[in-house]
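Just so we're aligned: the sequence shown equals residues 0 to 657 in numbering that gives the first Met the number 0. We put the CB at the ideal spot given by N, CA and C, even for glycine. All remarks here apply to the structure that follows.
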Amino acid sequence: MQHDIRIAIACRNEDDAPAAGMGESDMMLNWAGLTAYRSTEDRRWRASNARGRSCPVRIVRLVAVFALSALCLLSGKRPATAQFVCATSGGATMGASAGGLASTNFACGPNANAFGLVSANFAAGVNSDASGDASSNFAAGVNASATGDNSNNVAIGNGASAAGDSGTSVATGFGANAAGIGGKNVATGDHANASGNNGTNIAIGVNAAANGNNLSNTAVGSNSIATGTNSSAFGANAHAFGSQSSAFGLGNTANGGNSAALGTNNTATGNNSAAVGSTNAVNGDGSAAFGSGNAINGTNYAAVGSNNVVAGNNGAVVGSGNGVTGDNTAAFGSSIGIAGGNNAAVGSFSTVTGSNSAAVGSFNNVSGNNSGAFGTGQNVRGNGTFAIGDPNIVNGNNSLVFGDNNTVNGSNVAGRGDNIQLVGSNNTIAATSSAAGSSVFGSGNTVNATNAVVMGNNSTVSGASSVAIGNGTGTTGINAIAMGTGAGANFDNSVAIGSGATTTRSNQVAVGTASSTYTMSGITSAASKAAQSGPTQLVTSDAAGNLATTSLAGLGLASAGDISGINSQLAALNGRVDNLTRESRGGVALALAASSLQFDPRPGKISVSGGFGNFQGQSGLAVGLGYSYSDAMRFNAAFTAAQQGAIGVRAGASWTLN
């Protein structure tokens, strides 16, 4: 069907009534309107020629417009108002209408409308509408609509709508909508929506939406949404709902204020939160997740890696597959589990429960407060307990285990295994009974007694408050002491001194064996003699080596002087035994003091350490100097002094082989 343009032009004076054939709604046709008309006719003429048809009628009408306008001007008149309406070749406008005072409105298409005072509105398309006073609205497409006073709204596309006074809204695409008073909103794409008064919202993409009054939101991508204050969403299904939030990438959602979601399918819900990577979920203010599959439910927490799950505040997790519950926590590694506040774990496959506890290494398990495990395969249950090495089992409070393959209270009976100090390997403490307060230094020892002390290897202690020093020693008596390889103090308050020495009754001191010889140099000293008083006694011995004294009366001894000499020797022997007891207890005190020395293991560090020990009235002091040459080589030396005047020195070195 061919169309042309109907116009009405009449010359009139400044004060004349409207020209014949013109309604009161028709006013002056200004030169801009003529130019627009001419441009429109030119385009139509070019389009006709492109189709191989001529437009002589249109050319004649165009010439007539200019001729009549020129005559009006030469006669001192000015052109009367004209509106442009497309019509068919048969003259029918098919319902198109255009009108408005002092306007150049254009309507083309069935039921197209272009109205407005002092306007240059353009409507092209079936049921299109371009209207508004003092406006230059443009609508092109079936059911397209561009409306608003003092506006320059543009709607292009079937069903597109651009509306709002004093604004410049642009809607392009099927069903696109851009609206807002005083707004500069842009909607591009099928069913895109950009709306808001005094806003600069931009929505680009199918079903994209950017909305808000006095805001500058941007949504780019299909189904993208930006509704927060000055928010941005870029990518398919990207959503930015929080103030100053940003969502970049497929399926990202930024709900919190100043939040950001970058990557794929991330969600940042907390304020000032961030989710970067894929499928991360951050639900907490000030928290951030970097990687994939991380979930944070807490404030001020950071997760870096993959598949980490956090429920707590103030902390960090780095690695993969870690699960953290509690505040002020940290996990660095993989497959770590933390439950409780102020806990930390470094390594893999470790678990920390309680509070203020730590695990460093792999396959460690710490249950308790203020406890720690350092190494591999440690199992620590108790408060204030630490295990260092590879691996150890410790069930008790306030205990320290250093070494490997040690077991403290393996049956995990409450109250057993408390206050234990153990240094060595393959030691077993309190497998069946209480061993609280015991100290063990060496390897392969077994302790089933409270407050016991073991120094050596492969010793067995079952007497409370007993001491075993040496290899293969054993005590079963209470307050018993066994010193020497294979020595045994098996009765209460007994003492066995020397290799193979064994007590046979309570309150006994056993020195050596049947093959031993004894030398007591001080028995003949003047001091020993001066210490004697009362009648002189004779020291006797049986076949088993038991010593006793007897009166000299009736023995027919040669002289009293001989008896006196024997008594002096016996007194010296007793003094020697007492002195040996003090020395042994002092030795224990020295060992306790020396065992407490700790040195800085960091390469290049020189450290000084001191220690104090006390055992049954005897005290010892140790001072040591340590130097760490490298991560693999360390040296140390120590000076010790006991209460009774004994002095000792030691030196040591250690090498790490792997």
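- Taken atom to atom, the span from the alpha-carbon of Gly473 to that of Asn397 is near 26 Å.
- In this structure, the beta-carbon distance from Asn213 to Thr226 does not fall below 8 Å.
- For Ser370, there is no enclosing alpha helix (DSSP H), since its DSSP letter is neither H nor E.
- Judged by their CB atoms, Thr171 and Gly158 are not nearer to each other than the 8 Å cut-off.
- In the three-state reduction of the DSSP assignment, Thr268 falls in the coil class, being assigned neither a helical nor a strand state.
- Gly487 sits away from Ser498, with the two beta carbons spaced by 8 Å or more.
- Scanning Ala106, Leu100, Thr324 for the CA closest to the CA of Phe83 turns up Ala106.
- Assignment of Val422 by DSSP, reduced to helix, strand and coil, places it in the strand class.
- Here Arg504 is exposed. Its C-beta has fewer than 16 other C-beta atoms within 10 Å.
- Between Val607 and Gln568, the beta carbon gap of about 47 Å keeps them out of contact (Cβ cut-off 8 Å).
- Assignment of Thr523 by DSSP, reduced to helix, strand and coil, places it in the helix class.
- The C-alpha of Thr445 is placed about 6 Å away from the C-alpha of Ser458.
- Phe614 and Thr324 have their C-alpha atoms roughly 45 Å apart.
- Under a 10 Å Cβ-count criterion, Val379 is classified as buried, with 16 or more other Cβ atoms of the shown protein chains found around its own Cβ.
- In this structure, DSSP gives Asn112 an extended state, which the three-state scheme calls strand.
- Spanning the alpha carbons of Ser286 and Gly256 requires a straight line of approximately 12 Å.
- When secondary structure is reduced to three states using DSSP, Arg581 falls in the helix class.
- As a beta-bridge residue in DSSP terms, Gly441 pairs with Gly423, Gly455.
- Leu579 and Ala570 have their alpha carbons spaced roughly 14 Å apart.
- Contact check for Gly381 against Val400 fails: the beta carbons are separated by 8 Å or more.
- Comparing alpha-carbon positions, the option among Cys85, Ala530, Gly124, Ile180 lying closest to Gly131 turns out to be Ile180.
- DSSP places Asn176 inside the beta strand (DSSP E), whose first and last residues are 176-178.
- In the same chain as Asn293, and ignoring 5 residues on each side of it, the C-beta atoms closer than 6 Å to its own belong to Asn279, Ala302, Asn307, in chain order.
- Here Leu656 is exposed, its C-beta having fewer than 16 other C-beta atoms within 10 Å.
- The bridge partners DSSP lists for Thr350 are Gly336, Asn364.
- The C-beta separation of Thr501 from Ala509 comes to about 6 Å, placing the pair in contact by the 8 Å criterion.
- Looking from the CA of Ser319, the closest CA among Ser291, Gly340, Gly339 belongs to Ser291.
- Around the Cβ of Lys183, a 10 Å sphere holds 16 or more other Cβ atoms; the residue is buried.
- For the pair Ala530 and Thr548, the Cα-to-Cα distance works out to about 17 Å.
- Comparing C-alpha distances from Leu249 to each of Ser221, Phe240, Ser135, Thr535 shows the shortest one belongs to Ser221.
- In terms of Cβ geometry, Gly371 and Ser347 do not form a close pair [threshold 8 Å].
- Under DSSP, the beta-bridge partners assigned to Asp128 are Asn112, Ser144.
- In the three-state DSSP reduction, Ser165 falls in the coil class, being neither helix nor strand.
- Between the alpha carbons of Val365 and Thr350 lies a distance of about 6 Å.
- In this structure Ala467 touches Val453 by the C-beta definition: roughly 5 Å separates them, less than 8 Å.
- Per the C-alpha coordinates, the member of Ser520, Ile480, Ser514 positioned closest to Arg584 is Ile480.
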